[in-house]
Every structure is written in structure tokens, then in C-alpha cells.
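Accompanying notes for the structure given below.
Numbering (our numbering), first residue to last: 2 to 337.
See the structure below:
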């Protein structure tokens, strides 16, 4: 028997620690921040705007546990950069920031030895309002080559498909595996997939959904639903099938399946553990960014077992939007 050894590279000095914050460019930062506070229980953290001497851009930062979101908007009519972004993409994630050790060194290594380029006029390494060193990445970066991230998990379109649509997914992670980023692409199916719908409505690639980790998902989702947060629905047949499958599984789900069914929380599992997850509906009018709440019990997967159920739920919403269009063999849409 031959053995395979995986070699994961790490930086000689400096390392990626965790996600620091996400910055959204939005049409109205005050109202966006208010939505996350009212619907998701975030709390105001920081502000910059006219009152703090910022004449061009206003930003509201909100926090929930270790999660920080920053919402930024233009203050003046002539801000073409933010204005053009909103016309093309609508509200969305502009910037993903990581907390790192030895930011200056990582920047120099990444820039000079691995061919990553900064956008003119943008600092890559900065001190944010919380006095933490953050390293901001550009969406176009090849993560494995430039950042020494490695492939953590992957699944192809043969595993991730429904009757209508399919996708491929690769998850990249830093050396310590404290940062994980799924990269998804649509695969040709009979109809337009949720990934293709996102790309078309966002005007290109971007952050499609954000997973927020919790230690107790049931009271968290009860609270969010009481606040009026809307989640994707799952048919009762999912839980009937799940109950039967779990009878033959080595893993024991400690949560009450009836409660999970009531709240429409999904379960994925293997022989070692399981995860619980639920997805919100898009948090803006364009069917682009949505959120995930996840709780892990010794399971490091990404819900591949829930793909069919999740996609069918999303396809129901796509159909309501008139976007579950039939695709010809070469991937061109035609009206139903």
C-alpha cells in the first residue's frame, strides 16, 4: 500500500489568526447597521462620519460576540468609486479583513515574492478602530499561491447536484485552519443554479454567504425568528428521512429532532460528529448575500449532505423570483 503525505506550507514568520471583520459597501450605512442590530442582535461598536472629521465616507461598525461587520456609504454625490460599485453590485461585501501576526512582514512577502498587487490608493495593512493589526485581502487573490492557504475540503458537481442544478466547491484554509473560505462555482445543470443567479445579480464574483458560528443554535434561532429574521424553509420530508437515516448512524444527535424540525434547522453528519445549520433568505432585494448560522459537534464539513435539501429550498425561492429558468446544453437561459 502506498501512502500519501500532504505538505502544507506556512510562512516562515507571521501567520493568519482569524477573520477580523467584513466591510460592506451599502447605499445607507445607518439603516444597514440598524437592520443587523434589530434583526440579528448586533450592537453598535464604532462610528466615523462628519462628526469625527470624515468628509467623504461614513461607517458604522456593529459587533456580536467575535463577529464584526462594518457598513460604509458615500457622503457626497460625486463618489464614483462607491457609486459605481452600488450600481453594479448593489449592497455587498467589499472587504474581508484578517487578524494576523507580523502584518508588515506578511505584506512584504506577499507583495514582492508572490505577485499580489495592491489597488492604488488602498492600504493593505492598517490599524483599525479597535487597534488591531489587520491584513486586508483582495478578492482576486489566488489564495493558495499568494497566501499559502491549502485545500481543506472539496466536492464536485456529481456530489453537489439536484434534479435541476449543480455546483463545485473548494474550501481553502490557512496553515492552522482557523480561517476557512469556500470557493463555489456553478456547474451546468438543467436550470440556473443559485450560484449562477448570484453571479448574474451581483454582476460578477463576490461573497455569497457568511457563516456565523454559535455554541447553542436552538435558542439563537428562536431569538432571531422572534426578531423577524426570515430563513429558508425546509420540507417536513427532510426530517422524516433524517430520522430514518440517523437510526443507522454511529453518531447521536443530542438535540430534539422535533425542535430542529420546528425551527427548520438542517443536520449533516458522519461517523465522528455532526453539524447544525440554517440559512437566511437574502438580506437585500437582490438575491445575492445571505447568512448562515452553524453549530459544530466534532464535524468539520460544510453541509454537503444538506446540499440537495438546501438547493431545493433555494430553488423554490428562485422559482418565485422567476429565475429558475431552463438552460440549454451549452448553458444559455431560455424562458420556461
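Quick reminder that beta carbons are idealized off the backbone N, C-alpha and C, glycines included.
This structure is a prediction, so every number in the text was calculated from the model and none was measured.
Burial is judged here by how many other beta carbons sit within 10 angstroms of a residue's own beta carbon; residue 39 has fewer than 16 and is exposed. For residue 174, there is no enclosing alpha helix (DSSP H); the residue is part of the beta strand (DSSP E) that begins and ends at 167-174.
Judged by DSSP secondary structure, residue 84 falls within the alpha helix (DSSP H) whose first and last residues are 81-90. Here residue 248 is exposed. Its C-beta has fewer than 16 other C-beta atoms within 10 Å. According to the DSSP assignment, residue 222 belongs to no beta strand (DSSP E) but to the alpha helix (DSSP H) extending over 218-227. From the listed residues 108, 214 and 168, the smallest Cα separation to residue 179 is found for 214. If you compare the alpha carbons of 171, 221 and 149 with that of residue 155, the shortest gap goes to 171. The beta carbon of residue 89 sits closer than 7 Å to the beta carbons of 204 from its chain, once the five residues preceding and following it are set aside; these are given in chain order.
Close CB contacts of residue 84 within its chain, under the 7 Å cut and outside five residues either way in sequence, are with 75 (chain order). Going by beta carbons, residue 307 and residue 274 fall outside the 7 Å limit. Between residue 97 and residue 73, the beta carbon gap of about 14 Å keeps them out of contact (Cβ cut-off 8 Å). In this chain, the alpha helix (DSSP H) harbouring residue 198 covers 195-203. Assigned with DSSP and collapsed to three states, residue 11 falls in coil, not helix or strand.
Residues of the same chain with a CB within less than 7 Å of the CB of residue 28, apart from the 5 flanking positions on each side, are 74, 87 and 92 in chain order. When DSSP states are grouped into helix, strand and coil, residue 293 belongs to the strand group.
Taking all protein chains in view, the Cβ of residue 192 is crowded by 16 or more other Cβ atoms within 10 Å, so the residue is classified as buried. With fewer than three CB-CB distances shorter than 8 Å, the segment 284-292 does not count as touching the segment 251-266. Each residue's CA atom was taken as its position, placing residue 269 and residue 31 some 37 Å apart.
By the 16-neighbour rule on beta-carbons within 10 angstroms, residue 95 is buried. Looking only at 101, 196 and 65, the smallest Cα-Cα distance to residue 19 is reached by 101. The Cβ atoms of residue 277 and residue 296 sit closer than 7 Å to each other.
Comparing alpha carbon positions, the residue from 250, 224 and 302 closest to residue 212 is 302. Annotation: residue 96 is outside any alpha helix (DSSP H); the continuous beta strand (DSSP E) that includes it extends over 93-102. Beta-bridge partners of residue 146 (DSSP): none assigned.
Just measuring C-alpha positions, the residue of 11, 14, 36 and 16 sitting nearest residue 228 is 36.
According to DSSP, residue pairing for residue 281 in a beta bridge involves 232.
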